[in-house]
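Reviewing the structure listed below.
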Amino acid sequence: MVIKIKIMSLNKVLMVSCFCLSIFKIDAQQIPEYLDCVKINHLYRKACHNCFQHSVINTFSAALNETRVVELDIHSHKHGGNEASSGVWYVRHSENTNNSNNCVNTVNGQDNQDFGICLENLQDWSWAHPGHDPIIVFVDLKPPGAISTANGDFFRPNHSTTDLDNVFKQFALQMGGLDMIYKPSDLKGNFSSPREAAQNENWPSLGNLKNKIIFVLTGANSHLHEYVVNLGGSAMAFIAVKLDVFSNISNGYRPQAYSFASFQEVAFYNLNDGQTAAVGQYLELNGFMSRVWDGHSSTSASQYGGSIAANMNNIAIKNIYANNLNTNMNGELTNIHYVTTGGTTTSPQYIKSQYNSILQSALIKVTAQNLIIEAGTHYNIRAGEEVDLLPGVDIRPGSNTDISIGNCIDYSVNLRPTNTSGGEELLEQQMEHLFIDNQVITKTTDDVVEKLVKEPFVYPNPTTGVFNVDISRFDNSGLIEVYNIIGKKVFSRTILSSELVVNLINQPKGIYLVKVTIGGSVFNEKIIHQ
Numbered sequence: 003m004v005i006k007i008k009i010m011s012l013n014k015v016l017m018v019s020c021f022c023l024s025i026f027k028i029d030a031q032q033i034p035e036y037l038d039c040v041k042i043n044h045l046y047r048k049a050c051h052n053c054f055q056h057s058v059i060n061t062f063s064a065a066l067n068e069t070r071v072v073e074l075d076i077h078s079h080k081h082g083g084n085e086a087s088s089g090v091w092y093v094r095h096s097e098n099t100n101n102s103n104n105c106v107n108t109v110n111g112q113d114n115q116d117f118g119i120c121l122e123n124l125q126d127w128s129w130a131h132p133g134h135d136p137i138i139v140f141v142d143l144k145p146p147g148a149i150s151t152a153n154g155d156f157f158r159p160n161h162s163t164t165d166l167d168n169v170f171k172q173f174a175l176q177m178g179g180l181d182m183i184y185k186p187s188d189l190k191g192n193f194s195s196p197r198e199a200a201q202n203e204n205w206p207s208l209g210n211l212k213n214k215i216i217f218v219l220t221g222a223n224s225h226l227h228e229y230v231v232n233l234g235g236s237a238m239a240f241i242a243v244k245l246d247v248f249s250n251i252s253n254g255y256r257p258q259a260y261s262f263a264s265f266q267e268v269a270f271y272n273l274n275d276g277q278t279a280a281v282g283q284y285l286e287l288n289g290f291m292s293r294v295w296d297g298h299s300s301t302s303a304s305q306y307g308g309s310i311a312a313n314m315n316n317i318a319i320k321n322i323y324a325n326n327l328n329t330n331m332n333g334e335l336t337n338i339h340y341v342t343t344g345g346t347t348t349s350p351q352y353i354k355s356q357y358n359s360i361l362q363s364a365l366i367k368v369t370a371q372n373l374i375i376e377a378g379t380h381y382n383i384r385a386g387e388e389v390d391l392l393p394g395v396d397i398r399p400g401s402n403t404d405i406s407i408g409n410c411i412d413y414s415v416n417l418r419p420t421n422t423s424g425g426e427e428l429l430e431q432q433m434e435h436l437f438i439d440n441q442v443i444t445k446t447t448d449d450v451v452e453k454l455v456k457e458p459f460v461y462p463n464p465t466t467g468v469f470n471v472d473i474s475r476f477d478n479s480g481l482i483e484v485y486n487i488i489g490k491k492v493f494s495r496t497i498l499s500s501e502l503v504v505n506l507i508n509q510p511k512g513i514y515l516v517k518v519t520i521g522g523s524v525f526n527e528k529i530i531h532q
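Residues in the sequence shown are numbered consecutively from 3, following our numbering.
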């Protein structure tokens with residue numbers, strides 16, 4: 003793969019205080035098994051519907067073995083309608099008993115436990131699986147009365163919005179700190195609201211959310227509205243609103259219970275399987291997350307596939323295991339092969355997030371145009387093969403920006419690859435993802451940049467085992483190192499002249515990383531030994 007970084011004009015396009023390219027970082031390392039560079043709102047995931055019920059799966063912890071998107075129904079009242087004891091939140095689906103669930107007290111082994119024990123099960127699973135991708139917990143607020151109605155109040159004197167939020171805070175502190183929960187304020191960054199942040203692609207990448215938990219409240223829109231109004235910008239949980247007769251594309255699918263101000267806290271939507279058209283028409287295009295659930299006893303492959311086709315992020319099914327769904331339908335990437343970021347000449351896009359994990363990524367190419375990255379901003383651009391910085395890109399002094407090239411194509415049972423024609427190509431993608439092919443450029447002349455783009459320094463590529471390393475474009479001698487696919491160094495030598503011949507005939511065939519260090523610059527290129 004030839005790495006290409008196109009820079010149209012340094013003095014017009016890349017505006018930094020030192021007029022250098024130090025933002026291009028070198029970090030040759032192995033990529034984790036899942037795609038660190040994929041934003042969470044670009045991922046489809048199989049979710050569990052009512053996965054606290056015995057009829058769905060044996061234990062709540064077992065549900066986490068099947069999916070990273072789970073659901074808990076909580077009640078602030080006892081069976082019969084009276085308020086529960088202070089600090090107690092019951093977990094059940096219908097009006098039958100005070101607790102009816104598969105959450106297990108690890109001390110006595112008993113199930114049918116309250117919300118606190120369910121969260122302990124979540125914590126235990128997280129600690130037992132370090133490095134896990136983010137877990138989304140949909141918490142459905144169940145008021146007194148018939149199931150799925152708004153009869154009666156959910157929030158009560160001893161079960162207020164603050165009381166519920168304190169449960170999330172205590173859970174986060176037990177996990178290791180408040181930052182263990184990804185919160186609406188994290189999404190908001192330096193934008194005016196979480197909603198504006200979502201519309202500006204301020205979601206973090208999947209890799210940046212390792213080991214984190216995301217709580218999302220569902221239920222009656224009026225109860226969710228009460229939560230965000232009372233908690234404001236300090237809320238620990240997101241809310242996922244439902245569509246109602248007032249919601250339509252012209253008002254951004256705003257429910258009737260919400261004022262314009264409170265609506266700015268909404269970045270998630272909770273839909274039934276008859277409302278998925280709204281996702282493709284508006285929600286997904288505007289960066290909002292979505293969950294869909296169906297009212298059937300089970301979900302067919304055609305229903306599940308239809309939800310994927312509608313670009314739903316979290317597809318909740320009742321039978322989370324042994325469901326006869328295609329195993330490769332567990333997840334899929336969307337719209338990230340080619341990404342264009344920025345605005346127009348008259349209306350450029352401003353990036354002003356202070357959240358330090360914001361990543362604009364694409365599997366193949368990111369094009370930036372009319373993009374202004376303001377001082378104090380943390381912003382990263384990453385592409386598999388090419389980054390084009392077109393006129394109007396202004397990376398201002400004081401911003402922390404990392405622009406890098408790396409092949410992010412990956413595959414696992416939870417991530418369906420796209421545009422693959424067969425097993426051989428898939429195998430190559432699995433191998434290629436292991437190396438990040440970054441480049442550090444510390445020289446700033448147009449001549450050096452153009453030569454780097456046009457002239458590969460390793461040839462021939464592919465090779466039968468013998469290849470040349472050409473550093474004639476530089477004045478200094480250099481060090482060459484070659485690493486195999488597991489990161490072991492198999493060759494190292496100082497280049498004293500303009501060219502060096504490397505012999506890997508005795509090495510196994512496969513993909514190797516060639517690293518050349520010249521002065522303060524480091525260049526990497528992948529070579530295929532076949």
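Backbone N, C-alpha and C fix where the C-beta goes; we use that ideal spot for every residue, glycine too.
Exposure of residue i, with buried meaning 16 or more beta-carbon neighbours within 10 Å
i	result
N326	exposed
E73	buried
H56	exposed
N43	buried
F156	buried
I375	buried
T379	buried
V518	buried
A222	buried
K491	exposed
P132	exposed
N250	exposed
As assigned by DSSP and simplified to three states, the class of residue i
i	result
E267	coil
I149	Residue placement at I149 cannot be trusted, given a pLDDT of 43 that sits under 50; what the coordinates show is reported in the next sentence. Note: I149 maps to coil in three-state DSSP.
N402	strand
E68	helix
K41	strand
T163	helix
G307	helix
M291	strand
R256	coil
P132	coil
I520	strand
D396	strand
I119	helix
E2	Here the chain has residues from 3 to 532 only, and residue 2 is not among them.
S96	coil
D296	coil
CA-to-CA distance, residue j to residue i, given in whole angstroms
i	j	result
I216	R158	24 Å
G209	P393	31 Å
S302	L66	21 Å
F140	L219	6 Å
P350	N84	55 Å
F493	P462	17 Å
Q99	E286	One point to set straight first is that residue 99 is Thr, not Gln, in the sequence displayed. Cα to Cα, T99 sits roughly 39 Å from E286.
L189	I529	39 Å
G178	F170	12 Å
P257	T347	34 Å
Y184	P510	44 Å
T465	P196	50 Å
A49	E483	45 Å
H531	D135	34 Å
N313	V230	27 Å
Residues sharing a beta bridge with residue i, DSSP
i	result
G111	Bridge partners of G111: none, in fact.
D472	E501
T342	T369
G512	H531
A279	Per DSSP, none; premise fails for A279.
I251	Partner(s): none; I251 has no beta bridge.
Q351	L373
S494	E483
Q362	I383
Residue i: first and last residue of the uninterrupted beta strand (DSSP E) it sits in
i	result
H380	380–385
V484	480–485
Q201	Premise fails: Q201 lies in the alpha helix (DSSP H), 196–201, not in any beta strand (DSSP E).
F240	240–243
T61	Looking at the DSSP string, T61 is not in any beta strand (DSSP E), and its letter there is neither H nor E.
Extent of the continuous alpha helix (DSSP H) run through residue i
i	result
I138	Per DSSP, I138 belongs to no alpha helix (DSSP H); it is in the beta strand (DSSP E), 137–144.
L233	223–233
L189	186–190
Cβ of residue i within 8 Å of any chain B Cβ
i	result
S207	The chain labelled as chain B is not found in the depicted structure, where only one protein chain is given.
Check: residue i C-beta below 7 Å from any heavy atom of the ligand SAM
i	result
K528	Looking for the ligand SAM in the displayed structure turns up nothing, as the structure carries no ligands at all.
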